[in-house]
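Engineer:
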């Protein structure tokens with residue numbers, strides 16, 4: 001028999017009322033976060049700050065990015081192992097990934113965009129990705145603060161930890177049998193806490 005925990009992940013609402021530090025709604029959401037992480041190691045976040053329009057714009061931007069010639073995508077290089085541009089060694093159409101370091105910094109995103117579209121015709125790729133990265137980074141910070149608080153870690157230590165974080169936006173494109181899917185993931189460099197917005201399938205059904 002399948003493990004019930006694997007069949008349905010906890011769903012936590014991060015509406016505006018739950019983002020107000022010190023409120024009853026915050027405390028309830030904090031307890032849900034801790035329980036979900038202890039029991040399942042992850043959860044589905046309902047986060048209206050990332051609108052459907054923005055999400056659609058992000059995936060459109062990713063399609064434009066991954067439609068570029070492979071040689072153009074390879075311009076994204078890094079001295080760090082597994083950073084930069086990576087693809088399936090057999091066929092780049094099967095799986096590709098591109099990372100944008102310090103994605104919450106607009107200048108870093110513009111630098112990335114300039115590599116891909118030196119003529120400047122990026123259709124506001126920089127603005128879309130920067131807006132998205134900052135909104136998801138804010139959610140990551142809220143979750144981090146809730147976890148620290150739930151274990152009794154003093155606020156100053158949590159503040160110091162959050163201030164030390166830099167963000168890596170990991171963009172994946174992969175093809176499933178008969179269906180191409182796009183996946184984005186915002187990950188912390190230090191411990192790779194991942195936040196992934198799914199496109200299509202059951203995840204969209206849960207939003208209804």
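Numbering (full-length UniProt numbering), first residue to last: 1 to 208. No residue lacks a Cβ here, since even glycine has one placed at the ideal position from N, Cα and C. Because the structure is a prediction, the values reported are computed rather than measured.
#1: Check residue 68 in the structure and name its three-state DSSP category.
#2: Roughly how many angstroms separate the alpha carbons of residue 14 and residue 149, rounded to a whole number?
#3: Looking at the strands, I want to know which residues DSSP matches up with residue 45.
#4: Are three or more beta carbon pairs between the stretch 158-177 and the stretch 128-137 nearer than 8 angstroms?
#5: Per DSSP, residue 62 is paired with what?
#6: Excluding five sequence neighbours on each side, which residues of the same chain lie with their C-beta closer than 6 angstroms to the C-beta of residue 137?
#7: Taking only the alpha-carbon atoms, compute the straight-line gap between residue 18 and residue 135 and give it to the nearest angstrom.
#8: Could you tell me which residues DSSP puts in a beta bridge with residue 98?
#9: Give a yes or no on whether the C-beta atoms belonging to residue 147 and residue 55 are separated by under 8 angstroms.
#10: For a quick check, are the C-beta atoms of residue 43 and residue 69 less than 8 angstroms apart?
#11: Could you give the first and the last residue of the continuous alpha helix (DSSP H) run that contains residue 40?
#12: Determine the contact status of residue 97 and residue 86, defining contact as a CB-CB distance below 8 angstroms.
#13: Rounded to whole angstroms, what is the Cα-Cα separation between residue 156 and residue 27?
#14: Give me the Cα-Cα distance between residue 63 and residue 152, rounded to the nearest whole angstrom.
#15: If I measure Cβ to Cβ from residue 158 and keep anything under 8 angstroms in the same chain, skipping five residues before and after, which residues do I get?
#16: Mapping DSSP to helix, strand and coil, what is residue 20?
Structural biologist: Taking the coordinates as given:
#1: In this structure, residue 68 counts as coil in the three-state DSSP scheme.
#2: In a straight line, the C-alpha of residue 14 is about 17 angstroms away from that of residue 149.
#3: Residue 45 is bridged by DSSP to 12.
#4: Pairwise C-beta distances place the stretch 158-177 in contact with the stretch 128-137, as three or more of them are shorter than 8 angstroms.
#5: Per the DSSP secondary-structure output, residue 62 pairs with nothing in a beta bridge.
#6: So the qualifying residues of the chain are 104, 167.
#7: If I take the Cα positions, the gap works out to 15 angstroms.
#8: Residue pairing by DSSP places residue 98 opposite 85, 171 in a beta bridge.
#9: No, the Cβ-Cβ distance between residue 147 and residue 55 is not below 8 angstroms.
#10: Result no, Cβ atoms of residue 43 and residue 69 do not sit closer than 8 angstroms.
#11: Note, residue 40: premise wrong, no alpha helix (DSSP H); not H, not E.
#12: Note that the C-beta distance between residue 97 and residue 86 is below 8 angstroms.
#13: If you draw a straight line from the Cα of residue 156 to the Cα of residue 27, it is about 19 angstroms long.
#14: The alpha-carbon of residue 63 is positioned some 43 angstroms away from that of residue 152.
#15: Result list for residue 158: 144, 145, 148, 149, in chain order.
#16: If DSSP states are grouped into helix, strand and coil, residue 20 belongs with coil.
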